[in-house]
Amino acid sequence: MVRHLLLCLFISFFLHLTIVQAFFCNDKSCGRCVNSRFIKCRWCKRDNRCHNPGAVLTNPCSRAENIVSKSHCDDELPRYDPKLAYKMLLLSAAAYDSVDPQECLNNSLPSGKFQLQAVVTKNCDVFNNSCSGYVAVSHALKVIVVAYRGSLGSDQSAAIAEETLLKPMTTFLRGKVQSYWKRGFELLWQASMKAEVEALLSKNPKYKIWVAGYSLGGAMASLTSTWISSFKLAPRENIILYTFGMPRVGNYDYALQHDQLVNNSWRVVNENDLIPHFPIVVGVPNIFTGPYHHGVEVFYSDGAASVYSKHRECHGKPYNEDATCSFAEKHLSIKRHLTYFSIPVGGFWKTRCLHP
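Put into structure tokens, the structure is as follows:
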């Protein structure tokens, strides 16, 4: 009897709260919607309507697409771009040449006329495994590139797995992230990558920033894009993140912050790729404190043989962990992680990045 009464009271309270929120979040323009006094309403460009914060069933926008600040009302709704995804993958593959990726840039993306600015490689764990990334610029495309290499070999993969499973996540901005990703990012970013990006932006403030990475490199690329937006090195609309086979970077709080700061953020995931499922989400009690993906997944369900292979943007529920995309897969394989768009990402540089 008491349980039924409490349940009825809860449902009644929720319905009243929804009605009250709907009363306030009914503005017809983006500017008035996000400036609502009493409730933090959000504007969705998919239906051009104002929604209350709890309108999970009626709001067609993902968290990354919701507009909560008037300064973003004129932002275009981001779309996944297969052509750009292919370029981003080639930029990620070039990072595996940690000595001089310029040849890879010249051979794989000749029309971009990318100019290498810096390559940074640092030992990033106690076993002397290294992390690496580079900064480049294309005046032809008006873009600045920040790209990161993935892990090298089974020794580094084992070190990553051990640390991720045994060490708690660490604070990054307003969320928590895996300590290995954060340490790798900070070592490379603070060494000289940050200074290179700042110098390029001071001369080219309107250039887009393409941030890219594969596997471990994707995790460091995620932190980079979030950092750049959080510290306002560039406006949000100029920051674009594409990752490939990226593991979960941080917890729900980090994912939420990332989505608010970097709305043009895409996680390309190959069918049956094991790595995007690591570290695992362990049930509902862990969902807010444990690992949780950010950004919109682009799921290649028949294998990513080509960038135009069958794929879809995953905007289902739960946000960022769409139960109908890769989250639903049961037969996972490291083999499906090694090749994206028919490019063997970790070894492409050995071919001088010449297209097959």
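With my numbering, you'll find the sequence shown wraps up at 869, consecutive numbering, no jumps.
Idealized CB from N, CA, C, for every residue including glycine.
Beta-bridge analysis with DSSP links Ala708 to no other residue. Cβ atoms of Leu754 and His850 stay farther apart than 8 Å, at about 19 Å.
Of the other Cβ atoms in all chains shown, 16 or more fall within 10 Å of the Cβ of Phe840; this residue is therefore buried.
Straight through space, the alpha carbons of Cys866 and Pro789 are spaced by roughly 25 Å. In this structure the stretch 715-725 touches the stretch 735-751; the number of beta carbon pairs closer than 8 Å is three or more. Around the CB of His564, 16 or more other CB atoms lie within 10 Å, so the residue is classed as buried. When secondary structure is reduced to three states using DSSP, Asn561 falls in the coil class, being assigned neither helix nor strand. For Pro857, the closest C-alpha among the options Leu603, Lys558, Asp594 and Ser575 is that of Leu603.
Put simply, the backbone Cα of Lys655 is about 14 Å away from that of Leu629. Per DSSP, Trp694 lies in no beta strand (DSSP E); the unbroken alpha helix (DSSP H) holding it starts and ends at Ser692 to Leu701. Note that the stretch 643-658 touches the stretch 606-619; at least 3 beta-carbon pairs, one per stretch, sit closer than 8 Å. Taking the C-beta atoms as reference points, Gly688 is found nearer than 8 Å to Asp766. In this structure, Ser778 sits away from Gly731, with a CB-CB distance that is not shorter than 8 Å. The Cβ atoms of Asn785 and His844 sit closer than 8 Å to each other. Assigned with DSSP and collapsed to three states, Thr837 falls in coil, not helix or strand.
Excluding sequence positions up to five before and after Gln669, its CB lies within less than 6 Å of the CB of Asn642, all in the same chain and listed in chain order. Non-local beta-carbon contacts of Cys543 in its own chain, meaning distances under 7 Å to residues more than five positions away in sequence, involve Trp556, Ile580 and Cys586 in chain order.
Membership of Ser643 in the beta strand (DSSP E) is indicated by the continuous run Ser643 to Ser651. The three-state secondary structure of Tyr720, taken from DSSP, is coil. Separation of the CB atoms of Glu810 and Val775 is rounded to 15 Å, and the pair is thereby denied contact status at 8 Å. Taking all protein chains in view, the Cβ of Lys695 is crowded by 16 or more other Cβ atoms within 10 Å, so the residue is classified as buried. In the three-state reduction of the DSSP assignment, Lys596 falls in the helix class. Under DSSP, Glu810 forms a beta bridge with Arg780 and Cys827. Going by beta carbons, Asp772 and Ala577 fall inside the 8 Å limit.
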